[in-house]
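Visitor: This is the structure I have questions about; it appears just below.
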């Protein structure tokens, strides 16, 4: 080890190192939090889009089903007339 004078200097350097380490830990934590928030937002958006598409498909199916039934009834009526 070095002299007493330098010893205090070393302590301060260590203190600064600790402070720097803490700062980096905090920034990393914040970054992780931000990333998680972004991912959750993305997931929610994806789910919402999925739900909307499902609704649209359901509507289309319902609509298509009506038209098909209409055509079938028309054919049945024609056959009954003959």
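Residue numbers (the UniProt record's numbering): 1 to 82. Backbone N, C-alpha and C define an ideal beta-carbon position, used for all residues, glycine too.
When you compare only the Cα positions, how much space is there between residue 63 and residue 34?
Guide: Residue 63 and residue 34 have their alpha carbons spaced roughly 43 angstroms apart.
Visitor: In chain order, which continuous runs of the alpha helix (DSSP H) of length 4 or greater are located wholly inside the UniProt region "Disordered" (1-82)?
Guide: 4-81
Visitor: How many Å lie between residue 55 and residue 68 at the Cα?
Guide: Going from the Cα of residue 55 to the Cα of residue 68 covers about 20 angstroms.
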